[in-house]
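All remarks here apply to the structure that follows.
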Amino acid sequence: MIEKLNMQGLYFGLTEGSITTIGIIIGMYASLPIKLAIVGSVLTASVSDSFGDSIGMYYSEQARNSNSKKTNILNTILGLILSKVGISVFYLLPIILINKLEYGILVSIILSFIILTKSFIYLSKKNKKNTKKFLIKNLFLICIVMACSFIIGNILNKLFNKNKILI
19 MIEKLNMQGL
29 YFGLTEGSIT
39 TIGIIIGMYA
49 SLPIKLAIVG
59 SVLTASVSDS
69 FGDSIGMYYS
79 EQARNSNSKK
89 TNILNTILGL
99 ILSKVGISVF
109 YLLPIILINK
119 LEYGILVSII
129 LSFIILTKSF
139 IYLSKKNKKN
149 TKKFLIKNLF
159 LICIVMACSF
169 IIGNILNKLF
179 NKNKILI
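Numbering (our numbering), first residue to last: 19 to 185.
If you want it as structure tokens, here you go:
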């Protein structure tokens, strides 16, 4: 049971952390293409979001009156926090290390697709699902998130620049 809960936290953190981080990176790039702003936004969001998700998961288990031991849910929470913060830092490395911001973001996006693809393949095989369908569906949804993040970032950029709103 502990292994299952740890995998649950790790998969949740990996997937949710990847999608959230790449969404923030793309949205911030479209609205305010400054390395420091992007790095600060991702780190702040990954820490606060992982703790928020963890607390929510903990109380969700409590509300369910689960018979699972307290250490099981705490292991799940720990896996979630470590995977979300770790994946966020991992996706930030190319942005920090590559001088041209656009290239760093492109490398981060490619890394996220590689990691998510590998995890989706593993999960689909583990659950005996059609791997091709599972991949296409989930990667398409991630592309929608990326597109929405970019569009929202662009709208905010145009809105704030048009009205000369200072942040």
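Glycine included, every Cβ here is placed at the ideal spot set by N, Cα and C.
A Cβ-Cβ distance of about 6 angstroms is found for the pair residue 42 and residue 63, placing them in contact under the 8 angstroms criterion.
Uninterrupted alpha helix (DSSP H) stretches at least 4 residues long and entirely within the segment 43 to 128 occur at 53 to 81 and 88 to 115, given in chain order. Sixteen is the threshold: since fewer than 16 other Cβ atoms of the shown chains lie within 10 Å of the Cβ of residue 140, the residue is exposed. Put simply, the segment 28 to 37 does not touch the segment 52 to 61. Fewer than three CB pairs are less than 8 angstroms apart. Around the beta carbon of residue 102, a 10 Å sphere encloses 16 or more other beta carbons of the protein chains shown; the residue is thus reported as buried. Per DSSP, reduced to three states, the secondary structure at residue 148 is coil, with no helix or strand assignment.
A direct Cα-to-Cα measurement between residue 175 and residue 117 gives close to 23 angstroms.
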